[in-house]
Amino acid sequence: LRAHRSLKRRIPSRRQPHGPTYHLTRVVSRAVLISRIWHGAVPARLGDAFARHLDDTGVREARSTAGNTGAYVRRVDAVGYAHFFLCTLWESWPAIRAFAGERPEIPVSYPDDQAYELISDPIVAHQEVSAAANPFVIA
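Using the numbering used here, the letters of the sequence shown correspond one by one to residues 1055 to 1193.
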């Protein structure tokens, strides 16, 4: 368990006679991993080929980077495009930087991406998670 300063909450204190005052308490988080989520889309006609390309590049590179605990892909076909969501799970920020570079909020790209007419989101999202499970499986 790690304590996070960003996860503080106010607790009323009844110690002063002029009404309640507040003090901050440390809330302990069970988050143990960092998820990194990327989204991109390609024309539907290129979806199968891009799925193989994504597996051969981003998924394979992420899984081979020390500190990676998983890489999961979800594909959603809609309105003429195949949308891909890649969620990678990491033990630490240094591990993410080893994969993504010094600006981990910027997506990792590969030379052949444009052959698939890839439209990539300009940023990736990061958040702490408590389980190393496939986030795309709906229970």
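Here a beta-carbon is modelled for each residue, glycine too, at the ideal position from N, C-alpha and C.
Check, Outcome
"For THR1079, which of helix, strand or coil comes out of DSSP?", "For THR1079, the predicted model reports a pLDDT of 34, less than 50, meaning its position is unreliable; a value from the coordinates is still stated below. Strand."
"What do you get for ASN1122, buried or exposed, if any count of 16 or more other CB atoms within 10 angstroms of its CB means buried?", "buried"
"What separation, rounded to the nearest whole angstrom, lies between the Cα atoms of ARG1114 and LEU1172?", "18 Å"
"Taking only three categories from DSSP, how would you classify ILE1088?", "strand"
"Suppose the cutoff is 6 Å on Cβ atoms and the five residues either side in sequence are ignored; what does the same chain contact list for ALA1143 look like?", "Here residue 1143 turns out to be Leu, not Ala, going by the sequence shown. Here the set comprises LEU1087, SER1089, THR1123, GLY1124 and ALA1186."
"Since I believe ILE1160 is in contact with ILE1177 (beta carbons under 8 Å), could you give me their beta-carbon distance rounded to a whole number of angstroms?", "7 Å"
"Straight-line CA distance for ALA1103 to TYR1170?", "8 Å"
"Going by beta carbon distance, what residues of the same chain come within less than 7 Å of GLY1134, once the five residues before and after it are set aside?", "PRO1097 and ALA1098"
"To which residues of the same chain is GLY1101 closer than 6 Å at the C-beta, ignoring the five residues directly before and after it?", "ALA1136"
"Do you know how far the Cα of GLU1182 is from the Cα of SER1118?", "21 Å"
"What residues in its chain sit with their C-beta under 6 Å from that of PRO1189, if we drop five residues either side in the sequence?", "CYS1141"
"State the Cα-Cα distance for the pair VAL1162 and ALA1154, rounded to the nearest angstrom.", "6 Å"
"Between which two residues does the beta strand (DSSP E) holding GLU1182 run?", "1179-1183"
"Which parts of the region 1081-1150 are runs of the alpha helix (DSSP H), unbroken and 4 residues or longer, counting only runs that do not cross its ends?", "1101-1108 and 1114-1117"
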